[in-house]
Amino acid sequence: MVDECMKNRITITIDPRVDTITMPENVRIGLMLREQRKKCSLQGCNEEFFGFAFGQSPFPIPEPISDALIANATQGHYVDAAGIPEVREAISGFYRRHFGIEADSDRVIVGNGSKELMFLIFSMVSGSVILPSPSWIGYAPQLRFLGKPYHLLPTRPDNGYKIDPPDLENLLETIVDGQHILLLNNPNNPTGALYDHDELKEISAVCRRRGCLVLADEIYALATYEIENFVSMGVVYPEGTFVTGGLSKDRSSAGYRFGTCILPSSCSEKMYSDFGKLAATLYTNITTPIQYAAVTAYSPNPAIERYMEMTRDIHRMVGEYFAEAFSQIPGITTTRPQGAFYFLMDMNELKPALRNKGIQTANDLQHALLSHPYHVATVSGDAIMMPQDNFSSRIAFVDYDGARALDLYQRSKPKTQEECSQFVRDAAPRMVNGVEMIRRFVEELDG
Ligand SMILES: Cc1ncc(COP(=O)(O)O)c(C=O)c1O
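Mapping of the sequence shown onto the numbering used here: position 80 corresponds to residue 85, and the numbering continues sequentially without gaps.
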């Protein structure tokens, strides 16, 4: 029988485009972690690991959303590729209420997470992409796979790694390959930076002058700590901006894979129908019951509003606590997050000591931090499009029991600085221990 199977084997050739991408960083880190755990357990070590790598909301899904999903489990029919009218209407209202974006439902499309919508935009819109460095890990692999040209736009620590309009203008002046799309992620993963209205206006002025489109990835908009400070690029530059978002972060429903895109106001009917055509060709429609659940998620609902208020306050306390705690370690500086659940940890001051230990690249640093006895998982600067010899890492601060944290918060909302710090120590004890492990790593560099 086996011989018969072997005789019938054929060689399956993989399309070379697949080799342009590596395993997504989150999967790669998961594999590295598993390997390190195995190594440790063979040596009889079963000590804690510290997860600063994964960027998933720790909180439970708001009940009205999961209840709506259960109630709509029998919606088993095919629907419109751009999304059911009810959900597009609800999203249009949501964006008007929260961000002041005036976009009728015929400018709204939904997808399997915002990641898929970005893939559609990159596939649909011709020209090259301007990718700031650092950037979220997810953009470049899609561009490589699609064979879409991109140009890195370096940013600087002294202005919080934000896009500098004159730098953008200079880059746009030098590239001559037609239309461009700027990726603007606000609030930012990996730095936690928030762009204010003036900064967005200056960027949009450059884009208008140069005819550059913007893909505004605003998936963390409602996780802006001082929510009144969030401004959408969809308001500042409506004619040229694709705004993407979804349920994954502020409503903790990443596995629902529900993303949204508000198309630019200058989007033609042809472009809208082309989006539908592409979506229908690729996946027909996104899961119908999830779309019905999303109607609840985007409709006015005091319980969901309250949930988002509380969870962003918890993200604020945790972010402020850990950015400060990391910065207290000699040789480490960090960005100070104003939204989302990340900051950038900069160890470049320790370069000579790291090199003495044979750590030459950002990836070496990632491995060293994960190795025994430190067990600290981070995302390497390389994965977020920084140069290999830059010893920066992305730190995510969501490794705690979100349900418990929410419960603690509801029982007694911390008010003073000291109460906030105590709250974080109670809610996120493993991450507190993780900081001490990084301190030990730094101290032992000199040993
Ligand atoms: C900056 C950024 N954009 C987009 C995404 C993808 O979100 P979604 O779950 O909507 O595909 C993530 C997820 O980590 C992200 O951090």
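Glycine included, each C-beta is placed from N, C-alpha and C at the ideal position.
Remember, predicted model here, so these are calculated numbers, not experimental data.
Here residue 308 is exposed: its Cβ has fewer than 16 other Cβ atoms, across all protein chains shown, within 10 Å. By a beta-carbon distance limit of 8 Å, residue 181 does not contact residue 153. Their separation comes to about 16 Å. With a cut-off of 8 Å on Cβ pairs, the stretch 92–111 is in contact with the stretch 263–271, counting three or more such pairs.
The beta-carbon distance between residue 367 and residue 393, rounded to whole angstroms, is 6 Å. This is short enough to meet the 8 Å contact definition.
In the DSSP assignment, residue 439 falls within the alpha helix (DSSP H) that extends over 434–450.
In terms of Cα proximity to residue 273, the closest of 437, 130, 410 is 130.
Ligand 1 has no heavy atom closer than 6 Å to the beta-carbon of residue 56. Contact annotation, residue 435 with residue 55: C-beta distance approximately 6 Å; criterion of less than 8 Å satisfied. In the three-state reduction of the DSSP assignment, residue 339 falls in the strand class. At the C-beta level, residue 402 and residue 324 come within 7 Å of one another. Judged by pairs of C-beta atoms under 8 Å, the stretch 52–70 touches the stretch 396–416, as three or more such pairs exist. The criterion of a C-beta distance shorter than 7 Å is not satisfied by residue 86 and residue 299. With 6 Å as the limit, the residues whose C-beta approaches any heavy atom of ligand 1 more closely are 60, 118, 119, 120, 141, 143, 190, 194, 222, 224, 251, 253, 259, 264, in sequence along the chain.
Inclusion of residue 25 and residue 124 in the CB contact set at 7 Å is not warranted, their separation being larger than that value. Within a 10 Å sphere around the beta-carbon of residue 88 sit 16 or more other beta-carbons, which makes this residue buried.
Per DSSP, residue 179 is one residue of the alpha helix (DSSP H) stretching across 170–179.
When C-alpha distances from residue 192 are compared across 342, 90, 310, 143, the shortest belongs to 342. Of the residues 304, 168, 41, the one whose Cα lies closest to the Cα of residue 188 is 168. For residue 108, there is no enclosing alpha helix (DSSP H), as DSSP marks it with neither H nor E. When secondary structure is reduced to three states using DSSP, residue 350 falls in the strand class.
Put simply, the backbone Cα of residue 390 is about 18 Å away from that of residue 220. Less than 7 Å divides the Cβ of residue 293 from the Cβ of residue 84.
Residue 118 sits close to residue 251, with the two beta carbons spaced by under 7 Å.
Going by DSSP, residue 372 is part of the alpha helix (DSSP H) stretching over 367–375. If you keep only unbroken beta strand (DSSP E) runs of at least 3 residues inside the stretch 233–300, you get 246–251, 263–267. In its chain, beyond the 5 residues on either side, no residue has a beta carbon closer than 8 Å to the beta carbon of residue 421. Beta-bridge partners assigned by DSSP to residue 222: 190, 249. In this structure, residue 446 and residue 379 form a Cβ contact; the two beta carbons are roughly 5 Å apart against a cut-off of 8 Å. In the DSSP assignment, residue 156 falls within the beta strand (DSSP E) that extends over 155–159. Rounded to whole angstroms, the gap between the alpha carbons of residue 78 and residue 364 is 52 Å.
Going by DSSP, residue 307 is part of the alpha helix (DSSP H) stretching over 307–332.
The DSSP-derived three-state label of residue 136 is strand.
For residue 71, the uninterrupted alpha helix (DSSP H) segment begins and ends at 68–76.
Taking C-alpha positions only, residue 194 is separated from residue 146 by approximately 16 Å. The criterion of a C-beta distance shorter than 7 Å is not satisfied by residue 312 and residue 95. In this structure, DSSP gives residue 82 a state outside helix and strand, which the three-state scheme calls coil.
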